[in-house]
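Novice: Chains as they are written, first to last, in the numbering used here: chain A, 1 to 200; chain B, 1 to 200.
First the structure, then my questions, so here it is.
There are 2 protein chains.
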Amino acid sequence: MNKIITIGREFGSGGREFARRLAETLGYEYYDNEIIMEIAKNTALSEEYVRQVVECEPHKLYPITIGNSFSYVDNYAQQQIQSIYYAQSKILKELAEKSNCIMVGRCADYILREYNPYRIFIYASLDSKIKRCVARNNGSEKYSEKEIKKYIEKIDKQRAKYYEHYTDQKWGNKENYDLCINTTNLVIKDVVDVVAKMLK
Amino acid sequence: MNKIITIGREFGSGGREFARRLAETLGYEYYDNEIIMEIAKNTALSEEYVRQVVECEPHKLYPITIGNSFSYVDNYAQQQIQSIYYAQSKILKELAEKSNCIMVGRCADYILREYNPYRIFIYASLDSKIKRCVARNNGSEKYSEKEIKKYIEKIDKQRAKYYEHYTDQKWGNKENYDLCINTTNLVIKDVVDVVAKMLK
Chain A
1 MNKIITIGRE
11 FGSGGREFAR
21 RLAETLGYEY
31 YDNEIIMEIA
41 KNTALSEEYV
51 RQVVECEPHK
61 LYPITIGNSF
71 SYVDNYAQQQ
81 IQSIYYAQSK
91 ILKELAEKSN
101 CIMVGRCADY
111 ILREYNPYRI
121 FIYASLDSKI
131 KRCVARNNGS
141 EKYSEKEIKK
151 YIEKIDKQRA
161 KYYEHYTDQK
171 WGNKENYDLC
181 INTTNLVIKD
191 VVDVVAKMLK
Chain B
1 MNKIITIGRE
11 FGSGGREFAR
21 RLAETLGYEY
31 YDNEIIMEIA
41 KNTALSEEYV
51 RQVVECEPHK
61 LYPITIGNSF
71 SYVDNYAQQQ
81 IQSIYYAQSK
91 ILKELAEKSN
101 CIMVGRCADY
111 ILREYNPYRI
121 FIYASLDSKI
131 KRCVARNNGS
141 EKYSEKEIKK
151 YIEKIDKQRA
161 KYYEHYTDQK
171 WGNKENYDLC
181 INTTNLVIKD
191 VVDVVAKMLK
């Protein structure tokens, strides 16, 4: 059976960089936005719409193009969301069958539970996440720290709701992961080096 | 500055074995019950009583030998408990100054926060913890699984209360640790091997 690592992460915790670098170091495939594109192909929905579905709160989402009455819209939207979720599950399983890989987000830890993935969750203090976001913007003052804080909280709330909607588990709850890593004040590259040593 | 590792652990998660083996592998000092004995010496209280204080719910504890009125008992008990906590803090700091070390429980992650310890929390599913306790008893049927489950829950509740009483933080909350390791179905020796590689 292939080795599967799933990575959940708080926004600004460096989880995405961690996942990409870890995949490079271990020589594993890395899947993130690529998954969305695959889903788009499989469901004949636009990539933009699929991205909206997988990144937003599913219960708040309405279809882009159609809808006569509210109940009809609701029903149709729910069907689309469900079909995207099932397509996503199917693709994740296909990818898991193909090779060793690292998957970021997308409830992969839950969807692939039969594959016995190694489930990592990356988190950090709010201050550290704000600092990381500021650094990512090359220190430009386009957004205030207050705006960044609000954005981080919004995204994490969305991720939590999406995860909880489909898994019936609490997002970020340590019981759902094998390893939880606090990246507060750490350089992600250094964290990757030690975790790679651990997993090799 | 010496390297300090603090280990919080759920009862039955293998945290104590993990800490002892990790200390052996890394060549660090290891402190657990030894600390209690040191405290006993420093506070001129019996070892048994100190053990009762550091392992039980502090707000429920009454002194063993004296007490005329309830308020007097309460006051005296509180003073004793506080003095043990301060003695414990003092000893932990002295030990942290002496050499690289691993400390189990005792709010060490909080007390030694100025020493920037590497804070690990060890946990596991309830089923896995019950299995580990049964194995520890060499499979003897002295206690039923139901009794063991009740005991695990009781001890963890006590640990949580003790920790929260003194630190004003939630015990086991991943935000208070650098690394949280789920030992469900794992052999502790194997976990130690990978974490030691990571920390070396």
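Idealized CB from N, CA, C, for every residue including glycine.
Does the region 124-136 of chain A come into contact with the region 151-168 of chain A, if we say contact requires no fewer than three beta-carbon pairs (one atom in each stretch) closer than 8 Å?
Specialist: yes
Novice: Under the assumption that A/TYR123 contacts B/LYS90 (Cβ atoms under 8 Å), give the Cβ distance between them as a whole number of angstroms.
Specialist: The Cβ separation is near 33 Å, so there is no contact.
Novice: Determine the direct distance from the alpha carbon of A/ASN137 to that of A/SER69, and round the result to whole angstroms.
Specialist: Per-residue confidence for A/SER69 stands at a pLDDT of 46, beneath the threshold of 50, marking its modelled position as unreliable; no derived number is given.
Novice: If you measure from the beta carbon of B/ASN137 to each beta carbon in chain A, is any gap under 8 Å?
Specialist: Taking Cβ atoms only, chain A never reaches closer than 8 Å to B/ASN137, which makes this a no.
Novice: For A/MET1, which option in A/SER128, A/GLU97 and A/ILE7 has the closest C-alpha, if you only look at C-alpha atoms?
Specialist: Comparing Cα-Cα distances from A/MET1 to each of A/SER128, A/GLU97 and A/ILE7, the minimum goes to A/GLU97.
Novice: So who's on the other strand from B/ARG9, going by DSSP bridges?
Specialist: Partner(s): B/ILE122.
Novice: Here's a check: name, in chain order, each residue in its chain whose Cβ is nearer than 6 Å to the Cβ of B/ILE120, leaving out the five neighbours to either side.
Specialist: ILE7 and LEU179
Novice: Quick one: what's got a C-beta closer than 6 Å to A/GLY12's C-beta in the same chain, skipping five residues either side?
Specialist: Only LYS129, ARG132, CYS133 and ILE152 meet the Cβ criterion.
Novice: Is B/ILE102 near B/TYR28, with beta carbons less than 8 Å apart?
Specialist: yes
Novice: If we count the other Cβ atoms within 10 Å of its Cβ and call it buried at 16 or more, is B/ASN116 buried or exposed?
Specialist: exposed
Novice: With a threshold of 16 other CB atoms inside 10 Å of the CB of B/GLU10, please say whether the residue is buried or exposed.
Specialist: buried
Novice: So with CB distances below 9 Å, who are the chain B contacts of A/CYS180?
Specialist: PHE121, LYS174, TYR177, LEU179, CYS180, ILE181 and ASN182
Novice: Let's see if you can read the secondary structure: which residues bound the beta strand (DSSP E) around A/MET1?
Specialist: In this chain, A/MET1 is not harboured by any beta strand (DSSP E), its DSSP state being neither H nor E.
Novice: Mind reading off the beta-carbon distance from B/GLY14 to B/THR167? Whole number of angstroms is fine, and I expect it under 8 Å.
Specialist: Contact annotation, B/GLY14 with B/THR167: C-beta distance approximately 23 Å; criterion of less than 8 Å not satisfied.
Novice: How many angstroms separate the CA atom of B/VAL195 from the CA atom of A/GLN80?
Specialist: 44 Å
Novice: So what does DSSP say about B/VAL194, is it helix, strand or coil?
Specialist: In the displayed model, B/VAL194 falls within a helix according to three-state DSSP.
Novice: When the Cα atoms are used, what is the spatial distance from A/GLU94 to B/ALA19?
Specialist: 40 Å
Novice: Say whether chain B places a C-beta atom closer than 8 Å to the C-beta of A/MET1.
Specialist: no
Novice: So B/VAL104 and B/ARG16 are supposed to be a Cβ contact under 8 Å. How far apart are they, rounded?
Specialist: 6 Å
Novice: Between which residues of its own chain and B/HIS59 is the CB-CB distance below 8 Å, once the five residues before and five after are set aside?
Specialist: Summary for B/HIS59: the model assigns pLDDT 46, below 50, so the residue's position carries little reliability; its value from the coordinates is reported in the next sentence. Taken in chain order, the residues that qualify are LYS161 and HIS165.
Novice: With which residues is A/GLU29 paired in a DSSP beta bridge?
Specialist: A/CYS101
Novice: Quick check on B/CYS180: does DSSP put it in helix, strand or coil?
Specialist: strand
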